[in-house]
Amino acid sequence: MGEVMAARRRDWRCGAVVYQVFVDRFARPDEAALAAKRELYASPRRLRAWSDLPESGEKNVAAGLWSHELDFWGGDLVSLRGRLDHIEGLGAEVVYLNPIHPAHTNHKYDASDYFGVSPEYGTVADVEGLAADLHGRGMHLMLDGVFNHMGATSPRFVEAQGDPASPWRAWFEFGEAYAPGYRAWFNIPNLPEVNLESEAVQARVWGDEDSVVRGWLARGVDGWRLDVAYDIGPVLLGELVDAARATRPDAWVVGEVWSYPDRWAPPLDGAMNFHGREILLAMSEGRLSGARAGEMLAAMYADLGMEAALRSWLILDNHDTDRLATWSKNERMRRLLVALHLTLPGAPVVYYGSELGMEGRGDPGCRAPMRWDLVSDDNPTLGWWRRLLEMRAGHEALRLGDFRLIASEKVLAFTRTTERVGDTVVVLANPSSRRVTETLALPLGKVMSGDLVDLLEVEGAGPVHVRAGVMPVTLDAWSVRVLTVSTEAGAGGYTPYGRVH
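Residues -16 to 484 in the working numbering are what the sequence shown lists, from first letter to last.
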């Protein structure tokens, strides 16, 4: 196991904490800088007050969009660079940006030019500066690659649609078989699909040295999150990842996959683990017991493999889902879910503002502007996130360790381990509304009899004592314990770990 752990320690991607930023909603410039770019938000766009909350709008027939897709809050890359202390202070190691390329909408999943940066956000130089800022802090930058489709207002698509002889014609598929006259993602007219079967398209998007994927990596970007990776398909994903490796061998390429993740990594380095999220969601709603949720998670990790699991993203919420504080109104349950999010194997994603307790139901509600007024030592939600992230940073097993389920009848229980017994972490969670007591076997032969150390120092919780690999546990409703072993010598200088490492 020593060589495996050594390789994981060298790999910046394994277990890294990812902070997700929707640039338009994260940080806004001062009034002078905002006034200088106000013309970019001319009708049918609207520039909203930072205190406004996004609401579902009406169909803008002329634009072919919903009005809320054209609402902007004015955030940009320069302002984001001024807020990196908050992100770094949490312990995040990666900043992942939702799409930044020129596009008609605020979400920018309808790109018109993969090589540029949307002028509302800034310039290519601003991206390079952000990457340099992050690297100076020992952090990394990942972009959102939306290569399955572009925007219907893209000059490239408009030219291709109007001129059969256009060199851009090969980028798209036209014909009467498609409702809007061209192949569109989910049949949404604003999102014509890119013809990824075209060798010319493949070369420009990922194959050539100056392609989109490789070109941004050469500019200092460290990896890509691929939108709707399942639509790109395993074969082309493998080619894209290989191309990224040619420019940067340690690039991190993660894909959006709304299915069981085992067939997706490889070809990807990791998948966005929505399957794990669904298990935790079902458990939080009482549709799964803690024990059954543990069995399902263990099966998933066994099928995915630990190396891919550690490079896959753990998701509690993001720009497509209800925020955690909206889909679970039980504060104790939310604390339990965050604890599992930060102790299960994988790279946990912190969606901007969720660490503050921000709410929002689905799109567009979950894309509200960042509540900087909630960044306070008095915010208990932020305090809980900070506490858990600090704990994770201080215990290598939680970042890089193997996973083993502890058999149980009621609780969700598992271990995270490295090659060193002193790194061992035991996690116990009771997602039910009742206090539970049961006796568990701790299947770790190097853990000697004695009390486990409570890393969270849960008030009123008694000690957990292991005797010959058996431990009785009592957990209050909606509670979690994170425990480790103490290998330090006690009174008199004796420790059973003298020759057990």
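Heads up, the beta-carbon is just placed ideally off N, CA and C, and yes, glycines get one too.
Item: Buried versus exposed, by CB contacts within 10 Å (16 or more), alanine 148; Value: exposed
Item: Asparagine 89 vs glycine 273 beta-carbon contact at 8 Å; Value: no
Item: Top-ranked residue by Cα proximity to aspartate 303, from Leu435, Ala(-10), Gly288, Asp210; Value: Asp210
Item: As assigned by DSSP and simplified to three states, the class of glycine 309; Value: According to the sequence provided, residue 309 is threonine. The question's glycine does not apply to it. Helix.
Item: Glycine 206 to tyrosine 79 span [Cα, whole Å]; Value: 9 Å
Item: Candidates Phe169, Gly384, Glu103: closest to alanine 19 by CA position; Value: Glu103
Item: Whether leucine 439 touches arginine 418 by CB criterion (8 Å); Value: no
Item: Opposing strand residues paired with serine 272 [DSSP bridges]; Value: DSSP lists no partner for serine 272.
Item: Close-in-space but distant-in-sequence residues of the same chain around leucine 117 (CB under 8 Å, 5 per side omitted); Value: Leu67, Val78, His123, Leu124
Item: 6 Å CB neighbourhood of tyrosine 213 in its chain, flanking five on each side removed; Value: Val240
Item: Chain-order list of residues whose beta-carbon lies under 6 Å from that of glycine 405 (same chain, five-residue window excluded); Value: Thr470
Item: Burial state of asparagine 170, where buried means 16 or more other Cβ atoms lie within 10 Å; Value: exposed
Item: Among Pro446, Lys429, Val430, nearest to aspartate 437 - alpha-carbon criterion; Value: Pro446
Item: Which listed residue (Ala86, Pro347, Val332) has its alpha carbon closest to that of asparagine 256; Value: Val332
Item: Close beta carbons around arginine 231, own chain, < 6 Å, minus the five adjacent residues each side; Value: Leu200
Item: Contiguous beta strand (DSSP E) assignments of at least 3 residues, all confined to the region 405 to 480; Value: 408 to 413, 419 to 424, 453 to 458, 462 to 467
Item: Nearest-angstrom Cα separation, counted from isoleucine 83 out to serine 521; Value: Any answer about residue 521 is impossible in this case: the structure gives the chain only from -16 up to 484.
Item: 6 Å Cβ shell around leucine 299 - same chain, five flanking residues per side excluded; Value: Leu307, His324
Item: Residue nearest to valine 430 in terms of C-alpha spacing, selected from Ser391, Val456, Gly475, Gly481; Value: Gly481
Item: Assumed close pair glycine -2, arginine 382 - CB separation to whole angstroms, cut-off 8 Å; Value: 4 Å
Item: Buried or exposed (CB count within 10 angstroms, at least 16 for buried), tyrosine 97; Value: buried
Item: Outcome for threonine 422 when other beta-carbon atoms lying within 10 angstroms are tallied against a minimum of 16; Value: exposed
Item: Aspartate 193 classed as buried or exposed, judged by whether at least 16 other C-beta atoms fall within 10 angstroms; Value: exposed
Item: Start and end residues, alpha helix (DSSP H) containing valine 358; Value: Unbroken run through valine 358: none, as it is neither H nor E.
Item: Cβ pair valine 177, asparagine 131 closer than 8 Å; Value: yes
Item: Rounded straight-line distance, which links the Cα of alanine 276 to that of alanine 390; Value: 12 Å
Item: Bounding residues of the beta strand (DSSP E) (the contiguous stretch that carries valine 237); Value: 235 to 238
Item: Three-pair Cβ contact test at 8 Å for the region 362 to 370 versus the region 283 to 299; Value: no
Item: Other residues of its chain near threonine 309: CB distance less than 7 Å, five sequence neighbours each side excluded; Value: Glu342, Gly343, Arg344
Item: Rounded straight-line distance, which links the Cα of aspartate 385 to that of arginine 315; Value: 27 Å
Item: Helix, strand or coil at aspartate 385 [DSSP, three-state]; Value: strand
Item: Presumed contact (8 Å Cβ cut-off) between glutamate 268 and glycine 74, rounded CB distance; Value: The pair is not a contact, with the Cβ atoms about 29 Å apart (cut-off 8 Å).
Item: Beta bridge counterpart(s) of methionine 125 as assigned by DSSP; Value: Tyr79, Gly206
Item: Among Leu365, Asp305, His378, Thr401, nearest to valine 72 - alpha-carbon criterion; Value: The identity of residue 72 in the sequence shown is glycine, whereas the question assumes valine. For the residues Leu365, Asp305, His378, Thr401, the minimum Cα distance to glycine 72 belongs to Leu365.
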